[in-house]
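Here's the structure, in structure tokens; my notes come after.
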Amino acid sequence: MYRIIDLDKAASVPMENGRGDTLLLVDGTMTDKIDLHLNRLVAGGPNGSLHRHTVSDNIYIVKSGEGRLRIENETVTIKAGQIVYIPAGAKHSLSNVSNELFEIFEIYTPAGKDFDFVLSEGD
32 MYRIIDLDKA ASVPMENGRG DTLLLVDGTM TDKIDLHLNR LVAGGPNGSL
82 HRHTVSDNIY IVKSGEGRLR IENETVTIKA GQIVYIPAGA KHSLSNVSNE
132 LFEIFEIYTP AGKDFDFVLS EGD
């Protein structure tokens, strides 16, 4: 069954350490094949944790603002209008480096029981 989701009516959950919030859009209540949410990182918030996903590929679609993406041994700036593909197994973290809200749509596949979040030790 299809669904139409209004961003302004989507359920919002706070992120850890006051980083911002996440709008839950397509998740395990609909399918376990894909997950889609909108992360809204506040200006001046803490950095994200370096982590990886064992089998899930990850896509960021940057809606607004500017962020710092650490991926493996590289750090790059990503900004509105860009799309980032992160393959399964790649260590990564994301932080807001702008003075405004940093918004990214985030997609995982597979999702559901196959999705994991593995913190990287020592980083």
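Residue numbers (our numbering): 32 to 154. Think of the CB as a built atom: it goes at the ideal place given N, C-alpha and C, for glycine as much as any other residue. Treat the numbers as computed from the prediction; the structure is a model and nothing was measured.
For ARG101 and VAL44, the gap between their C-alpha atoms comes out near 24 Å. Counting the other Cβ atoms within 10 Å of the Cβ of ASP39 gives fewer than 16, which makes it exposed.
With contacts defined by Cβ atoms closer than 7 Å, ASP37 and THR85 do not form a contacting pair.
Of the other Cβ atoms in all chains shown, fewer than 16 fall within 10 Å of the Cβ of SER151; this residue is therefore exposed. A distance below 8 Å between beta-carbons, with the five flanking residues on each side excluded, links THR108 to the following residues of its chain, in chain order: GLU97, GLY98, ARG99, LEU100, VAL128.
Per the coordinates, the alpha-carbon of LEU132 lies some 7 Å from the alpha-carbon of SER95. PRO77 and ASN104 do not touch by the CB rule: their CB atoms are close to 22 Å apart, not below 8 Å.
Non-local beta-carbon contacts of ASP52 in its own chain, meaning distances under 7 Å to residues more than five positions away in sequence, involve SER43, VAL44, PRO45, MET46, ARG71 in chain order. In this structure, the alpha-carbon of HIS82 lies about 21 Å from that of LYS110. Counting the other Cβ atoms within 10 Å of the Cβ of TYR139 gives 16 or more, which makes it buried.
Just measuring C-alpha positions, the residue of PRO141, TYR91, ALA142, PHE136 sitting nearest ILE117 is TYR91. The C-alpha of SER80 lies about 23 Å from the C-alpha of LEU56. Taking every protein chain shown into account, the CB of ILE135 has 16 or more other CB atoms within 10 angstroms, so this residue is buried.
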